[in-house]
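Colleague: Before anything else, here's the structure in question.
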Amino acid sequence: MVNRQPVVAVIGAGIAGLEAARQLAALGYKPVLIEKSSATGGHVAQWNRLFPDMTPAADVIEPLRAQTAGVKTLLGTEISAINRLKDEYNLVLSDGSSLLCQAVLFATGFRLFDASKKEEYGYGIYDRVITNRDLEHWFNTREDQRIRQPKAVGFVHCVGSRDLKAGNTQCSKVCCITAIKQAIEMKEEFPDAEVYCFYMDLRLFGKKYEDFYIKAQRDHGIHFIRGRVSEVGEAIDGRVVVKAEDTLNGKPVKVTLDLLVLMAGILCNPDAQRYARETGVAVDEDGFLKSRDNLAAITESSRPGVFFAGACTGAKTVPETLAEARSAALAIHQYFSKRV
Amino acid sequence: MDFGFKLSPSSAVNLDTVDRRRYDRLVQLQPDALTCIGCGSCSATCTSASWTGMSVRKVLLGLQRGRDEEVDKMLSGCMLCGKCTMVCPRGINTRQLILTLCRLDKNGEVVR
Ligand SMILES: Cc1cc2nc3c(=O)[nH]c(=O)nc-3n(C[C@H](O)[C@H](O)[C@H](O)COP(=O)(O)OP(=O)(O)OC[C@H]3O[C@@H](n4cnc5c(N)ncnc54)[C@H](O)[C@@H]3O)c2cc1C
Ligand code: SF4
Ligand code: SF4
Ligand code: SF4
């Protein structure tokens, strides 16, 4: 082996980074977690309960944090530059130090679409328009002046996804099921409220997701309207008026709501794209990091020693992300084993 | 006076004011009706659809959009053959649903 205990730089300490670091440490390597924010856990640490079983997000995050307590973790740290050496990478960190490593694992995750870019939906303009992330924040903290005993709540699917004009033609995959989860949660909070989901297609692909949908229909009477919201306006009382076509009926519909939740989509992290250029790995046509093979080697890049895990290669659910993190750890193990 | 044009009433549905009482009573009596996914299997297989325009899918949607007259017109074309019930992927008892609906008036009161 090149080094007694090869060092693997894990960029990003979301669930992908944490799980991979845990596995790498167990396999005898020395992972170093580099996280730009002040805490580990990534997006999942911001969520409240998770589909499909309404598991508290903390039940996923806390064990991962506990099991990586022994892993060197640099919080509030970014990477200023990446230098490629023969068989090694030298990372220059934002605190001025540098880290020499034998492999790099990107676990940089995703960025949520900035909903204010879709001006016609009025995020940041109208008081009653919030995002999926804002709603999770409210479930966690109960602090949001915009949510006050709503009698009518709407969810807009595909905000910044499947939308050429928003610069993203991909489906973000997790937002249909998230909308259904959040719609049920709102109905449980406010049983008298009418809840509407405006969708283009309902993409409910995962284990038990369809059951969740039936539950939303049958037990909660949530109204599903097939049609993309075309515009949102503010009524004189501050509520919002939503217009769409009810495409199953072939007629325009309009409804006044106390709260409108935008299901912002999933995009690749822009820093990851910069690092990718510096390490010499490619970016795929969908804007996410490009795997060596999208079927057989999703966790491998086209460069030796550079690996991927989680949402940096595309929208993923929690179980998919965790499975991929384990798979990436194994791919790294094989990479080092071949170099003996 | 003839202006050379006339105004048609708007066909837009206002969900704030739409009267869903009949639908609400229906789903109270028969909650499985809530799970319709608008797949159209019922209409495709319907023995009377091509002559009468009957469609369980459109009946369920029409009720939620306040289109009572269209709903009653469609219902009158049903022969209660039950084929639609055999094909519904959500397992909705559509034939029973039609019978239940025929007992309800516009306001959702059980009148028959
Ligand atoms: C609203 C919403 C709700 C969801 N709910 C569920 C659910 O209920 N169930 C489910 O299965 N899935 C859910 N998901 C999907 C879930 O969030 C993802 O599967 C998960 O976050 C992916 O983890 P990750 O570690 O790959 O990425 P992330 O969670 O994005 O973590 C990436 C980490 O990398 C860090 N990072 C990024 N760039 C850098 C950099 N340059 N340097 C250092 N660190 C960096 C970030 O700060 C972050 O900590 C939901 C998604 C959304 C949008
Ligand atoms: S998962 Fe649903 S809401 Fe999200 S982009 Fe795909 S179709 Fe749209
Ligand atoms: S029961 Fe009525 S609606 Fe159903 S298939 Fe027969 S005729 Fe058509
Ligand atoms: S077959 Fe069943 S689910 Fe499909 S449209 Fe008819 S009633 Fe709805």
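Chains as they are written, first to last, in the working numbering: chain H, 5 to 344; chain U, 119 to 230.
Virtual Cβ for every residue (Gly too), placed ideally from N, Cα, C.
Please read all numbers here as calculations on a predicted model, not as lab measurements.
Assign Met204 of chain H to one of three DSSP states: helix, strand, or coil.
Modeller: Translated into the one-based positions of the first sequence, residue 204 of chain H becomes position 200. In this structure, Met204 of chain H counts as coil in the three-state DSSP scheme.
Colleague: Is His224 of chain H helix, strand or coil when you go by DSSP?
Modeller: Translated into positions along the first sequence, residue 224 of chain H becomes position 220. DSSP places His224 of chain H in coil when its eight states are reduced to three.
Colleague: Among H:Ser306, H:Ile181, H:Gln50 and H:Ala187, which one has its Cα closest to the Cα of Leu264 of chain H?
Modeller: Along the first sequence, read from residue 1 onward, the residue named residue 264 of chain H stands at position 260. For Leu264 of chain H, the nearest C-alpha among the options comes from H:Ala187.
Colleague: Please compile the residues from chain U whose C-beta is within a distance smaller than 9 Å of the C-beta of Pro256 of chain H.
Modeller: Along the first sequence, read from residue 1 onward, the residue named residue 256 of chain H stands at position 252. By Cβ distance, chain U contributes Ser128, Ser129, Ala130 and Val131.
Colleague: As an exercise, report each continuous alpha helix (DSSP H) stretch of at least 4 residues that is fully enclosed by the region 108 to 194 of chain H, in chain order.
Modeller: The region 108 to 194 of chain H contains these whole alpha helix (DSSP H) runs: 136 to 145 and 179 to 193.
Colleague: With a threshold of 9 Å between beta carbons, is Arg139 of chain U in contact with chain H?
Modeller: Start at 1 with the first residue of the second sequence, and residue 139 of chain U comes out as number 21. Not closer than 9 Å to any Cβ of chain H, the Cβ of Arg139 of chain U fails to qualify, so no.
Colleague: Rounded to whole angstroms, what is the Cα-Cα separation between Ser231 of chain U and Trp51 of chain H?
Modeller: Residue 231 of chain U is absent from the structure shown; chain U starts at 119 and stops at 230.
Colleague: Along the region 213 to 239 of chain H, where does the CB come closer than 8 Å to a CB of chain U? Name the residues.
Modeller: Result list: Ile218, Gln221, Arg222, Gly225, His227 and Arg230.
Colleague: Can you find a C-beta in chain U that's less than 9 Å from the C-beta of Asp250 of chain H?
Modeller: Against the first sequence, residue 250 of chain H aligns to sequence position 246. Yes - at least one Cβ of chain U is within 9 Å of the one on Asp250 of chain H.
Colleague: Pick helix, strand or coil for Asp134 of chain U, following the three-state DSSP scheme.
Modeller: One-based indexing of the second sequence puts residue 134 of chain U at position 16. Coil, per DSSP.
Colleague: Give me the Cα-Cα distance between Val6 of chain H and Ala119 of chain H, rounded to the nearest whole angstrom.
Modeller: Here residue 6 of chain H is taken as the residue at index 2 of the first sequence, counted from 1. Here residue 119 of chain H is taken as the residue at index 115 of the first sequence, counted from 1. Note that Val6 of chain H scores 48 on pLDDT, short of 50, meaning its location in the model is unreliable and no value can be drawn from it.
Colleague: Counting only beta-carbon atoms, is Val157 of chain H nearer than 9 Å to chain U?
Modeller: Along the first sequence, read from residue 1 onward, the residue named residue 157 of chain H stands at position 153. So no, Val157 of chain H is outside the interface.
Colleague: From which residue to which residue does the alpha helix (DSSP H) around Pro323 of chain H run?
Modeller: Against the first sequence, residue 323 of chain H aligns to sequence position 319. Val322 to Lys342 is the span of the alpha helix (DSSP H), which, as asked, contains Pro323 of chain H.
Colleague: Can you have a look at Pro10 of chain H and say buried or exposed, based on whether 16 or more other CB atoms are within 10 angstroms of its CB?
Modeller: Residue 10 of chain H sits at position 6 when you count from the first residue of the first sequence. Buried is the call here.
Colleague: Can you name, in chain order, every residue of its own chain whose Cβ lies under 7 Å from the Cβ of Leu28 of chain H, other than the five neighbours on each side?
Modeller: Walking along the first sequence from the start, residue 28 of chain H turns up at place 24. Counting only Cβ-Cβ distances below 7 Å, and skipping sequence neighbours, we find Val12, Pro35, Ala333 and Ile336.
Colleague: Residues in its own chain within less than 6 Å of Val177 of chain U by CB, not counting five upstream and five downstream?
Modeller: In the second sequence, the residue the question calls residue 177 of chain U occupies position 59. For Val177 of chain U, where only same-chain residues beyond five positions count, the Cβ hits under 6 Å are Val189 and Met192.
Colleague: Looking at C-alpha atoms only, which residue of U:Ser126, U:Ser161, U:Val145 and U:Phe121 is the closest neighbour of Met204 of chain U?
Modeller: In the second sequence, the residue the question calls residue 204 of chain U occupies position 86. The option with the nearest alpha carbon to Met204 of chain U is U:Ser161.
Colleague: Since Arg278 of chain H is in the alpha helix (DSSP H), which residue starts that stretch and which ends it?
Modeller: By 1-based counting over the first sequence, the position of residue 278 of chain H is 274. Its alpha helix (DSSP H) spans residues Pro274 to Thr283.
Colleague: Taking 7 Å as the limit, name every residue whose beta carbon sits nearer than that to some heavy atom of ligand 3, in sequence order.
Modeller: Those residues are U:Cys160, U:Thr163, U:Cys164, U:Thr165, U:Ser166, U:Ala167, U:Met172, U:Val174, U:Cys196, U:Met197, U:Leu198, U:Cys199, U:Gly200, U:Lys201, U:Cys202, U:Thr203, U:Thr212, U:Arg213 and U:Ile216, given in chain order.
Colleague: Any chance the CB of Asp205 of chain H is under 8 Å from a heavy atom of ligand 2?
Modeller: Here residue 205 of chain H is taken as the residue at index 201 of the first sequence, counted from 1. Answer for Asp205 of chain H: yes, Cβ within range of ligand 2.
Colleague: Hey, would you say Leu109 of chain H sits closer than 9 Å to Phe311 of chain H, going by beta carbons?
Modeller: For this step, residue 109 of chain H is matched to residue 105 along the first sequence. For this step, residue 311 of chain H is matched to residue 307 along the first sequence. Contact: yes.
Colleague: Any contact between the region 148 to 163 of chain U and the region 283 to 298 of chain H? By contact I mean 3 or more CB pairs, one from each, below 8 Å.
Modeller: Judged by Cβ distances under 8 Å, the region 148 to 163 of chain U makes no contact with the region 283 to 298 of chain H, as fewer than three pairs qualify.
Colleague: Using the beta-carbon count (16 or more within 10 Å), is Arg175 of chain U buried or exposed?
Modeller: Taking the second sequence and counting its residues from 1, the one referred to as residue 175 of chain U is at position 57. Its Cβ being crowded by 16 or more others within 10 Å, Arg175 of chain U is buried.
Colleague: For Leu147 of chain U and Thr218 of chain U, which I take to be in contact (beta-carbon distance under 8 Å), what is that distance rounded to the nearest angstrom?
Modeller: In the second sequence, residue 147 of chain U corresponds to position 29, counting from 1. In the second sequence, residue 218 of chain U corresponds to position 100, counting from 1. Yes, Leu147 of chain U and Thr218 of chain U are in contact; Cβ-Cβ is about 5 Å, under 8 Å.
Colleague: Can you give the Cα-Cα distance for Thr112 of chain H and Cys199 of chain U, rounded to whole angstroms?
Modeller: Against the first sequence, residue 112 of chain H aligns to sequence position 108. Against the second sequence, residue 199 of chain U aligns to sequence position 81. Spanning the two alpha carbons is a distance of roughly 58 Å.
Colleague: How many Å lie between Arg330 of chain H and Gln106 of chain H at the Cα?
Modeller: Looking up residue 330 of chain H in the first sequence gives position 326. Looking up residue 106 of chain H in the first sequence gives position 102. Those two C-alpha atoms are separated by around 18 Å.
Colleague: Measure the C-alpha to C-alpha separation of Val133 of chain H and Gln214 of chain U and round it to an integer number of angstroms.
Modeller: Position 129 of the first sequence, counting from 1, holds the residue named residue 133 of chain H. Position 96 of the second sequence, counting from 1, holds the residue named residue 214 of chain U. Val133 of chain H and Gln214 of chain U: Cα-Cα distance of roughly 41 Å.
Colleague: Any chance you could list the alpha helix (DSSP H) runs of at least 4 consecutive residues sitting entirely within the region 182 to 220 of chain U, in chain order?
Modeller: Fully enclosed alpha helix (DSSP H) runs of 4 or longer: 186 to 193, 201 to 205 and 212 to 220.
Colleague: Between Val178 of chain H and ligand 2, is there a pair consisting of the residue's CB and a ligand heavy atom that are separated by less than 8 Å?
Modeller: Locating residue 178 of chain H in the first sequence gives position 174, where the first residue counts as 1. Within the cutoff, so yes.
Colleague: Determine the contact status of Ile83 of chain H and Val96 of chain H, defining contact as a CB-CB distance below 9 Å.
Modeller: By one-based count along the first sequence, residue 83 of chain H stands at place 79. By one-based count along the first sequence, residue 96 of chain H stands at place 92. Cβ distance < 9 Å, so Ile83 of chain H and Val96 of chain H count as in contact.
Colleague: Closer than 7 Å by beta-carbon distance: list the chain H residues that pair up with Thr153 of chain U, in chain order.
Modeller: Along the second sequence, read from residue 1 onward, the residue named residue 153 of chain U stands at position 35. In chain order: Ile218, Gln221 and Arg222.
Colleague: So His163 of chain H packs on Phe202 of chain H, CB below 8 Å; how close in whole Å?
Modeller: As a working note, residue 163 of chain H is residue 159 in the first sequence. As a working note, residue 202 of chain H is residue 198 in the first sequence. This sequence places Val at residue 163 of chain H; His is not what is there. Between Phe202 of chain H and Val163 of chain H the Cβ distance is about 10 Å, and since that is not below 8 Å, they are no contact.
Colleague: Is there a Cβ of chain H sitting closer than 9 Å to that of Leu179 of chain U, yes or no?
Modeller: In the second sequence, the residue the question calls residue 179 of chain U occupies position 61. True, the Cβ-Cβ gap to chain H drops below 9 Å.
Colleague: Of the residues U:Cys164, U:Arg183 and U:Leu125, which one's Cα is nearest the Cα of Val136 of chain U?
Modeller: For the purposes of this step, residue 136 of chain U is taken as residue 18 along the second sequence, with counting starting at 1. It is U:Arg183 whose Cα lies nearest to the Cα of Val136 of chain U.
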